[in-house]
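There are 2 protein chains.
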Amino acid sequence: MITKELVQHIYKTTYEDIPESVIWHAKKSLLNWLGVTVGAIHHETIDILLDVTNELSTSEQATILGRNVKTDLLSAVLINGTSSHIFDFDDTHLDTIHHPSGPVAPVIFALGEKYAFSTKELLRAFILGCEVELRISNAVYPSHYQHGYHITPSTGVFGAAIAAGLLLKMDEEQLAMAMGLAGTQSFGLREMFGTMTKPFHPGKAAQNGLMAALLVQKGFTSSTQVLEAERGFFNVYSPKHNVFKVLEDFGEVWELEKNAFKPYACGIVLHPSIDACIQLSEVALPEEVDKIILQVNPYVLELTGKKEPKTGLEGKFSIYHTGAMAFLEREASEDQYQDEKVLASKTIAFREKIKPVANEEVDKDKVEAILVKKDGTSHKVSIEHATGSIENPMTKAMLERKFKKLCKSSLTDEKITQLIESIYQFEQMEFESLINIFN
Amino acid sequence: MITKELVQHIYKTTYEDIPESVIWHAKKSLLNWLGVTVGAIHHETIDILLDVTNELSTSEQATILGRNVKTDLLSAVLINGTSSHIFDFDDTHLDTIHHPSGPVAPVIFALGEKYAFSTKELLRAFILGCEVELRISNAVYPSHYQHGYHITPSTGVFGAAIAAGLLLKMDEEQLAMAMGLAGTQSFGLREMFGTMTKPFHPGKAAQNGLMAALLVQKGFTSSTQVLEAERGFFNVYSPKHNVFKVLEDFGEVWELEKNAFKPYACGIVLHPSIDACIQLSEVALPEEVDKIILQVNPYVLELTGKKEPKTGLEGKFSIYHTGAMAFLEREASEDQYQDEKVLASKTIAFREKIKPVANEEVDKDKVEAILVKKDGTSHKVSIEHATGSIENPMTKAMLERKFKKLCKSSLTDEKITQLIESIYQFEQMEFESLINIFN
Numbered sequence: 001m002i003t004k005e006l007v008q009h010i011y012k013t014t015y016e017d018i019p020e021s022v023i024w025h026a027k028k029s030l031l032n033w034l035g036v037t038v039g040a041i042h043h044e045t046i047d048i049l050l051d052v053t054n055e056l057s058t059s060e061q062a063t064i065l066g067r068n069v070k071t072d073l074l075s076a077v078l079i080n081g082t083s084s085h086i087f088d089f090d091d092t093h094l095d096t097i098h099h100p101s102g103p104v105a106p107v108i109f110a111l112g113e114k115y116a117f118s119t120k121e122l123l124r125a126f127i128l129g130c131e132v133e134l135r136i137s138n139a140v141y142p143s144h145y146q147h148g149y150h151i152t153p154s155t156g157v158f159g160a161a162i163a164a165g166l167l168l169k170m171d172e173e174q175l176a177m178a179m180g181l182a183g184t185q186s187f188g189l190r191e192m193f194g195t196m197t198k199p200f201h202p203g204k205a206a207q208n209g210l211m212a213a214l215l216v217q218k219g220f221t222s223s224t225q226v227l228e229a230e231r232g233f234f235n236v237y238s239p240k241h242n243v244f245k246v247l248e249d250f251g252e253v254w255e256l257e258k259n260a261f262k263p264y265a266c267g268i269v270l271h272p273s274i275d276a277c278i279q280l281s282e283v284a285l286p287e288e289v290d291k292i293i294l295q296v297n298p299y300v301l302e303l304t305g306k307k308e309p310k311t312g313l314e315g316k317f318s319i320y321h322t323g324a325m326a327f328l329e330r331e332a333s334e335d336q337y338q339d340e341k342v343l344a345s346k347t348i349a350f351r352e353k354i355k356p357v358a359n360e361e362v363d364k365d366k367v368e369a370i371l372v373k374k375d376g377t378s379h380k381v382s383i384e385h386a387t388g389s390i391e392n393p394m395t396k397a398m399l400e401r402k403f404k405k406l407c408k409s410s411l412t413d414e415k416i417t418q419l420i421e422s423i424y425q426f427e428q429m430e431f432e433s434l435i436n437i438f439n
Numbered sequence: 001m002i003t004k005e006l007v008q009h010i011y012k013t014t015y016e017d018i019p020e021s022v023i024w025h026a027k028k029s030l031l032n033w034l035g036v037t038v039g040a041i042h043h044e045t046i047d048i049l050l051d052v053t054n055e056l057s058t059s060e061q062a063t064i065l066g067r068n069v070k071t072d073l074l075s076a077v078l079i080n081g082t083s084s085h086i087f088d089f090d091d092t093h094l095d096t097i098h099h100p101s102g103p104v105a106p107v108i109f110a111l112g113e114k115y116a117f118s119t120k121e122l123l124r125a126f127i128l129g130c131e132v133e134l135r136i137s138n139a140v141y142p143s144h145y146q147h148g149y150h151i152t153p154s155t156g157v158f159g160a161a162i163a164a165g166l167l168l169k170m171d172e173e174q175l176a177m178a179m180g181l182a183g184t185q186s187f188g189l190r191e192m193f194g195t196m197t198k199p200f201h202p203g204k205a206a207q208n209g210l211m212a213a214l215l216v217q218k219g220f221t222s223s224t225q226v227l228e229a230e231r232g233f234f235n236v237y238s239p240k241h242n243v244f245k246v247l248e249d250f251g252e253v254w255e256l257e258k259n260a261f262k263p264y265a266c267g268i269v270l271h272p273s274i275d276a277c278i279q280l281s282e283v284a285l286p287e288e289v290d291k292i293i294l295q296v297n298p299y300v301l302e303l304t305g306k307k308e309p310k311t312g313l314e315g316k317f318s319i320y321h322t323g324a325m326a327f328l329e330r331e332a333s334e335d336q337y338q339d340e341k342v343l344a345s346k347t348i349a350f351r352e353k354i355k356p357v358a359n360e361e362v363d364k365d366k367v368e369a370i371l372v373k374k375d376g377t378s379h380k381v382s383i384e385h386a387t388g389s390i391e392n393p394m395t396k397a398m399l400e401r402k403f404k405k406l407c408k409s410s411l412t413d414e415k416i417t418q419l420i421e422s423i424y425q426f427e428q429m430e431f432e433s434l435i436n437i438f439n
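Below, the structure is given as structure tokens:
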């Protein structure tokens, strides 16, 4: 009965039941999601999706965020959801490596634009949609992920359906059926990592979940026990699972509050080294540096040991390039992972000075860094909790800076500022005025 | 490398390589598919899908078969594919309980209508699309099905992508990527059986597969080893599998030739009993009958032992109702499973005379039937191979009769006759003239 119980808990949770701190974390999540979505919206992946969408459909119902074009609802959630995952720079529920906003936020944006939902309704639907996908993730992680599923789409489809279902004013029976129709469409193979199909996953999950809710609202029928049934989601999709996790501390612990934001546009294992190199750039000029020794866990080098990257994407898997950029430019955003940056002679010269050393005794999320100057003096920096971790989260100022950098090539400074303010005051404004900033 | 090898085999198979007997079986499959699709096209399930589609999209690209309305390509394949599975009266690859036309034929029809593909190209794409999904099914059956997946959508998505990819003139690399983008969207839980979500499955598989092909044709990237990869389809979706089956006797054995058609609109386990009761109706009038004893395998009674069905759907799971209808009306089509037929006093009176007996010694696909008259005389009938089995297939005349009954409430007799002729002469005509019969 866990499907119905979960739906009952969701259904009876009002906006007023949600703590202020959760609302604030939801706004930060939306700001981060909007930034990464707008940031990649001119990527080739999106060009192709729009090309096919144009061939299929002519209705203009929801905005492709940052492109000044509208598509039908289902295409919009697919495209915006895909865009948010292209840079691998989106939010992360660290307990399950799930990117919760990807499948849910596009649904909020598209339905918010087409129908006159209040911003409080939209916030509630976003928060509870995330809660559903993350609690289901908690129940199947790590078995489900290790088995080969990309957990963001496979459980995200439930979050998308619930967010849409709440907005469409479904009763509990309908919400359970929307879970069923969404859950039977759960999908996503980790084999796809490294291709355009990976970012397609959260977008498609949003689309499948929204479609499920639209159909059930009109009377489509489905199972109301998709999670627990003998041939349901848990048994079929996850060799091991713990049903108890779904409702554990519901209403007291909010999974969305465990959502972390990446300050740097690369794998999380490099983040401590980036923090260290930025700090070390305070104590020496580039020409004074003899070498920077980075003592890291062997796993870090396994993932990022590429000595001579040739493209921006390869640069993301190079501690040498990344360390050099962090020291030289005090950043590791998409700018630092452009092909020309990776191939610049200045970068190549400095990356020779980055000397990683594998050390079993250093944890995966830490680094011991020593900068040795040509004059023989040295400086040491230890990073215990990298920026963006739960213990050391990105500050409001950092999130705004990230947002501005991501949006700058698509939107004017004035619009960017307006968007930031609109997200902060989300529940006090009309959604229409937010979306109009894009048009 | 099995994904690429399969694609290579498909790519190099020309229309001329396909034996005449396979072409003929493909036409029968298309006729059967078209009949069951048109037959259910006014069902509530389709009303709901069209209702949502209308809210989303306005382009008119492909016909909803039998409804005199057009939608965009993706919605059309979803809706026509769903309709074909509503009555559970579609084709069956008996080795894997797969309904091969469902996910593939809608793609042929929609692309055939929108673009000027030759009917030979369409037939080749249909046959090879079915070959792909059925060969993948052979590799994972029964483990994958027993694990909980509805095999028609989960492997059908590959067939849909390949059929579309061949029509869109993809090269081998693109076909492999289309397999990747389709395969990551593989889905379908058996838990959904008994709800509208079951027929939704083949339609959604057609939609996912077509979308995959459309995107890859424009440059979208995906894995080219979706079947065999460590975290690919076989390992993730099927506890046991036999990769060897994918290419076994390719070009010599055609899986589509193992496709069977149902003469009766109910589960295949009842078909021998229906044959027997129809035969017995030759030897006695209803009022002369004392009882009809049906000796069947216990499994048959387990599935169809409902003594007092109240609805048409329940009637499909009642050997009593079904036997009575077969004797009284010499039929078991949708007509015999209308609620009013199930509740008619004449039916109820006669079903008292149907006396099934469970007998371990009778195979599941056989029946021993004895009609005992009130005058004490009796007549015995044994059915070894029911009508519609591979050994005793439906004749051309039977298929035409089924087609006419299914289409009669949507199309005029003249149009029905034209459609039958068009399917028989498929490769000699323009697809446009076939589809125009609907408009």
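Same order as they appear, the protein sequences are chains A and B.
Following the numbering used here, the numbering of the first sequence begins with 1 at its first residue and continues without gaps.
Following the numbering used here, the numbering of the second sequence begins with 1 at its first residue and continues without gaps.
Backbone N, C-alpha and C define an ideal beta-carbon position, used for all residues, glycine too.
Going by DSSP, A/Thr63 is part of the beta strand (DSSP E) stretching over 62-64.
Per DSSP, the unbroken alpha helix (DSSP H) holding A/Lys404 starts and ends at 396-407. A Cβ of chain B is located within less than 8 Å of the beta carbon of A/Leu181.
With respect to the C-alpha of A/Phe220, the residue from A/Met196, A/Leu175, A/His241, A/Phe233 having the closest C-alpha is A/Leu175.
As DSSP reads the structure, A/Thr71 sits in a beta bridge with A/Ala62. Taking C-alpha positions only, A/Pro142 is separated from A/His241 by approximately 9 Å. For the pair B/Ala206 and B/Leu78, the CB atoms are nearer than the 8 Å cut-off. The residue from A/Ile390, A/Thr92, A/Val372 with its alpha-carbon nearest to that of A/Pro286 is A/Val372. Judged by DSSP secondary structure, B/Gln8 falls outside any beta strand (DSSP E) and instead within the alpha helix (DSSP H) spanning 2-11. A/Val253 has A/Phe250 as its beta-bridge partners, per DSSP. Residues of the same chain with a CB within less than 7 Å of the CB of A/Val36, apart from the 5 flanking positions on each side, are Ser84, Phe87, Phe89, Asp90, Leu406 in chain order. Residues are counted here when their Cβ sits less than 9 Å from a Cβ of chain B; for the region 44-56 of chain A these are Glu44, Thr45, Asp47, Ile48, Leu49, Asp51, Val52, Glu55, Leu56, given in chain order. DSSP places A/Asp290 inside the beta strand (DSSP E), whose first and last residues are 289-296. In summary, the residues of the region 121-152 of chain B whose CB is separated from some CB of chain A by less than 9 Å are His147, Gly148, Tyr149, His150, in the order they occur in the chain. Its chain contains Asn297, Pro298 as the residues whose beta carbon lies nearer than 8 Å to that of A/Glu360, once the 5 sequence neighbours on both sides are disregarded; these appear in chain order. Within the same chain, Lys353, Lys355, Val372 come within 6 Å of A/Lys291 by CB-CB distance, once the 5 residues on both sides are set aside. If you check each beta-carbon in the region 223-245 of chain B against every beta-carbon of chain A, the ones closer than 8 Å belong to Ser223, Gln225, Val226, Ala229, Glu230, Arg231, Gly232, Phe233, Asn235, Val236. Taking 8 Å as the cut-off, the beta carbon of A/Phe117 is found no closer than this to the beta carbon of A/Ala26. Using a Cβ-Cβ cut-off of 8 Å, A/Ser186 counts as an interface residue toward chain B, since at least one Cβ of chain B sits closer than that to its own.
A/Lys353 sits in coil when the DSSP states are folded into three classes, being neither helix nor strand. Contact with chain B is found for A/Gly219, since one of that chain's Cβ atoms lies less than 8 Å from the residue's Cβ.
Contacts with chain A at 8 Å (Cβ-Cβ) include B/Lys204.
Cβ atoms of A/Phe250 and A/His9 come within 8 Å of each other, at about 5 Å. In this structure, the beta-carbon distance from B/His201 to B/Thr155 does not fall below 8 Å. Linking A/Lys415 to A/Met211 through their CA atoms gives a straight-line distance of about 31 Å. Proximity of the region 186-194 of chain A to the region 175-186 of chain B meets the contact definition, three or more beta-carbon pairs being nearer than 8 Å. Taking the beta carbon of A/Met196 as reference, the chain B residues within 9 Å of it are Leu181, Leu215, Gly219, Phe220, Thr221, Ser222, listed in sequence order.
Within the region 63-77 of chain A, Asp72, Leu73, Leu74, Ser75 place their CB atoms closer than 9 Å to a CB of chain B, listed in sequence order.
With a 10 Å radius around the Cβ and a threshold of 16 neighbouring Cβ atoms, B/Ser433 comes out exposed. The straight-line gap separating the alpha-carbon atoms of A/Asp47 and A/Ile18 is approximately 38 Å. Taking 8 Å as the cut-off, the beta carbon of A/Ala161 is found closer than this to the beta carbon of A/Ala213. Rounded to whole angstroms, A/Val132 and A/Phe158 show a C-alpha spacing of 7 Å. Around the Cβ of B/His42, a 10 Å sphere holds fewer than 16 other Cβ atoms; the residue is exposed. Boundaries around A/Glu329 are those of the alpha helix (DSSP H), 319-329, since no beta strand (DSSP E) includes it. One finds Ser223, Val226, Ala229, Arg231, Gly232 in chain B with Cβ atoms closer than 7 Å to the Cβ of A/Glu191, taken in chain order. In the structure shown, the three-state DSSP call for A/Val226 is coil.
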